[in-house]
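Worksheet: the structure to be examined is printed underneath.
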Amino acid sequence: NPCPPSDRCSIVSNVTHAKERHNISTPAVLNGHSSPKYRPSRFVKKNGQCNVVFSNMEERRQRYLADIFTTCVDIRWRYLLLIFSTSFVVTWVFFGVIFYSVSMAHGDFEDSSLKSDGLLPCILNVQGFMGALLFSMETQTTIGYGWRCVTEECPVAVVTVVVQSIVGCIIEAFMIGTIMAKMARPKKRNQTLVFSKNAVIALRDGKLCLMWRVGNLRRSHIVEAHVRAQIIRSYVTCEGEFIPLQQMDLNVGYDDGTDRLFLVSPLVIVHEIDKDSPLFTLSRADLEAEDFEIVVILEGMVEATAMTTQFRSSYKSKEILWGHRFEPVLFEDRNRYKVDYARFHRTYEVPSTPRLSAKESTSEFCYENELALSCGEDEEEDMFDMTWTPRTMNKINYHTKEYTVNCIYIVYSNYKNGRT
Numbered sequence: 202n203p204c205p206p207s208d209r210c211s212i213v214s215n216v217t218h219a220k221e222r223h224n225i226s227t228p229a230v231l232n233g234h235s236s237p238k239y240r241p242s243r244f245v246k247k248n249g250q251c252n253v254v255f256s257n258m259e260e261r262r263q264r265y266l267a268d269i270f271t272t273c274v275d276i277r278w279r280y281l282l283l284i285f286s287t288s289f290v291v292t293w294v295f296f297g298v299i300f301y302s303v304s305m306a307h308g309d310f311e312d313s314s315l316k317s318d319g320l321l322p323c324i325l326n327v328q329g330f331m332g333a334l335l336f337s338m339e340t341q342t343t344i345g346y347g348w349r350c351v352t353e354e355c356p357v358a359v360v361t362v363v364v365q366s367i368v369g370c371i372i373e374a375f376m377i378g379t380i381m382a383k384m385a386r387p388k389k390r391n392q393t394l395v396f397s398k399n400a401v402i403a404l405r406d407g408k409l410c411l412m413w414r415v416g417n418l419r420r421s422h423i424v425e426a427h428v429r430a431q432i433i434r435s436y437v438t439c440e441g442e443f444i445p446l447q448q449m450d451l452n453v454g455y456d457d458g459t460d461r462l463f464l465v466s467p468l469v470i471v472h473e474i475d476k477d478s479p480l481f482t483l484s485r486a487d488l489e490a491e492d493f494e495i496v497v498i499l500e501g502m503v504e505a506t507a508m509t510t511q512f513r514s515s516y517k518s519k520e521i522l523w524g525h526r527f528e529p530v531l532f533e534d535r536n537r538y539k540v541d542y543a544r545f546h547r548t549y550e551v552p553s554t555p556r557l558s559a560k561e562s563t564s565e566f567c568y569e570n571e572l573a574l575s576c577g578e579d580e581e582e583d584m585f586d587m588t589w590t591p592r593t594m595n596k597i598n599y600h601t602k603e604y605t606v607n608c609i610y611i612v613y614s615n616y617k618n619g620r621t
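Going letter by letter, the sequence shown gives residues 202 to 621 in my numbering.
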């Protein structure tokens with residue numbers, strides 16, 4: 202660490218308002234991360250919704266109206282239907298008023314003058330505003346009852362009919378496109394994707410790993426499915442700057458391609474806690490004391506629509522079980538495989554899981570290897586003179602320090618290579 206922890210305790214910036222200083226204030230920190238007493242809120246909810254509220258946005262309405270299509274697709278159905286219903290009613294009334302005004306200016310409502318001069322009205326069978334409104338509705342919706350129609354007496358009325366027809370087509374096209382885009386959104390597809398309620402930390406192939414489970418409840422596949430993960434926690438820099446939500450990637454197989462999934466049956470996603478992992482120094486005691494959040498993301502294309510969908514969830518540190526593994530859910534049943542989703546969220550404890558962090562476990566393993574080599578120097582000649590058989594290898598004892606056959610073979614190989 203380039204600076205000692207003592208230099209990382211001032212985390213409140215020079216903020217004018219006392220309320221804002223209080224909102225960003227936290228207790229003292231350790232190793233650049235917040236104190237265990239600081240419990241931030243969940244950033245991503247279990248259902249995938251981001252727990253973020255925007256405030257004090259400048260020109261919010263103008264920005265949303267500038268992208269009206271996306272706004273209409275994002276809003277709730279009730280508001281969308283209200284907008285379209287209002288737009289239809291407003292255009293009907295607006296053009297109805299125009300038709301009524303044209304007829305009145307032409308004198309269509311003066312029966313005596315029309316009959317004496319033999320002139321045709323601008324719109325046949327329109328005797329008032331209600332008739333003009335009905336004619337406007339029939340024109341825009343192309344109902345065409347054949348009772349009311351515009352005549353050649355008023356060019357303004359003809360132009361108004363043309364304009365209203367164009368406006369009606371635009372509104373209907375926008376409405377149909379918005380509704381289709383909203384219905385085709387793969388948002389509801391997330392309801393049939395599921396993450397396990399808890400994540401676990403246990404040994405896999407001799408390495409400490411963070412694991413969680415993901416499943417697809419539909420028979421249709423998620424094409425090109427891949428998974429990502431990030432750890433989110435507060436952080437304080439050497440200069441005293443407080444970062445409330447620092448995001449760091451967790452490697453889930455991007456380098457070797459294991460992040461791409463064939464999600465036919467539930468799969469366990471594995472993050473190996475190595476020296477490049479943000480969890481490398483995390484022990485069981487640290488897990489119980491610290492408070493962080495791991496956001497997991499599953500992305501892919503819906504097979505039916507070829508549209509990209511994203512499913513999110515998160516695990517707080519208290520939702521990560523140390524020394525547990527997931528129960529198996531896939532069983533062979535006659536000539537097929539059966540998935541038991543009743544076991545999907547279940548875990549079982551593995552007492553042999555070390556309580557130390559991956560860093561401490563690695564250091565201890567290296568120390569034991571060095572101890573074995575140093576202890577073996579005094580008995581080097583006896584080691585090479587003896588006959589190596591599986592039976593004798595199991596009986597090897599270095600100063601009451603017993604090792605397995607594999608460890609003995611590794612030590613023996615190192616000595617042999619050193620001699621030769």
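Just so you know, even glycine gets a beta-carbon here, dropped at the ideal spot from N, CA and C.
N- and C-terminal bounds of the alpha helix (DSSP H) containing residue i
i, result
"E339", "F330 to T342"
"H307", "W278 to H307"
"S366", "P356 to A385"
"V274", "I269 to D275"
Residue(s) in a DSSP beta bridge with residue i
i, result
"W523", "I402"
"R461", "H427"
"C350", "L325"
"T510", "G501"
"C410", "A403 and E473"
"G416", "V395"
"R556", "Bridge partners of R556: none, in fact."
"K517", "E494"
"Y265", "Per DSSP, none; premise fails for Y265."
Residue range of the unbroken beta strand (DSSP E) whose run includes residue i
i, result
"D450", "F443 to D450"
"L394", "L394 to F396"
"E491", "No beta strand (DSSP E) holds E491; DSSP gives it neither H nor E."
"D534", "L531 to D534"
"V540", "R537 to V540"
"T482", "Per DSSP, T482 belongs to no beta strand (DSSP E) and is neither H nor E."
"E550", "T548 to E550"
Residue i versus the options, residue with shortest Cα-Cα distance
i, options, result
"F375", "I402, C410 and S286", "S286"
"D456", "E473, E442, H546 and L468", "E473"
"E489", "M508, E339 and L557", "L557"
"K476", "G458, E494 and L451", "L451"
"L531", "T342, K246, D541 and V471", "D541"
"F481", "Y549, S466, L266 and I402", "I402"
"K539", "H546, R547, P529 and T548", "P529"
"K247", "R513, I269, H546 and I433", "R513"
"S435", "Q447, E442 and G441", "Q447"
"T340", "T509, R243 and I367", "I367"
"Q431", "S288, R279, N399 and V496", "V496"
"L468", "G416, V395 and W278", "G416"
"K388", "T506, R547 and V253", "T506"
"F396", "F244, V245 and H546", "H546"
"W293", "L283, I269, A543 and F336", "F336"
"G369", "L394, R349, V291 and V327", "V291"
"G329", "I433, E311 and L321", "E311"
"G332", "L282, V364, F296 and G454", "F296"
"M449", "W348, S478 and V327", "S478"
"R414", "D460, P445 and Q365", "D460"
"V362", "W523, M338, H422 and S421", "M338"
"L334", "I372, L320, F289 and L321", "F289"
Close Cβ partners of residue i (< 7 Å) along its chain, the five nearest in sequence each way excluded
i, result
"S624", "In the structure as shown, the chain starts at 202 and stops at 621, and residue 624 therefore has no counterpart that could be examined."
"C323", "V303, S304, H307, D309, V351, T352, E354, C355 and A358"
"P203", "Because the pLDDT at P203 is just 47, under 50, the model does not fix this residue reliably, and the value given afterwards should be weighed accordingly. Hits under 7 Å: C439."
"R390", "V503 and T510"
"V249", "Val is not the amino acid found at residue 249; the sequence shown has Gly there. Answer for G249: N391, F512, R513 and S514, listed in chain order."
"L462", "A426, H427, V428 and L468"
Contact set for residue i: own chain, Cβ-Cβ below 8 Å, skip 5 residues either direction
i, result
"L404", "C410, V551, S553, T554 and P555"
"S484", "R556, L557, S558 and E561"
"V274", "T379, A382, K383 and R386"
"I521", "N399, A400, V401, I402, L411, L488 and I495"
"N252", "S242, R243, F244, V245 and K246"
"G407", "none"
"Y280", "none"
Cβ shell of residue i (< 6 Å), same chain only, five flanking positions each side left out
i, result
"S466", "L531 and V540"
"R544", "E528 and V530"
"G458", "none"
"Y516", "A400 and I495"
- Say whether the region 257 to 270 touches the region 291 to 303, bearing in mind that this needs 3 or more beta-carbon pairs closer than 8 Å, one atom from each stretch. no
- Quick check: the region 490 to 504 against the region 422 to 429, are there 3 or more CB pairs under 8 Å? yes
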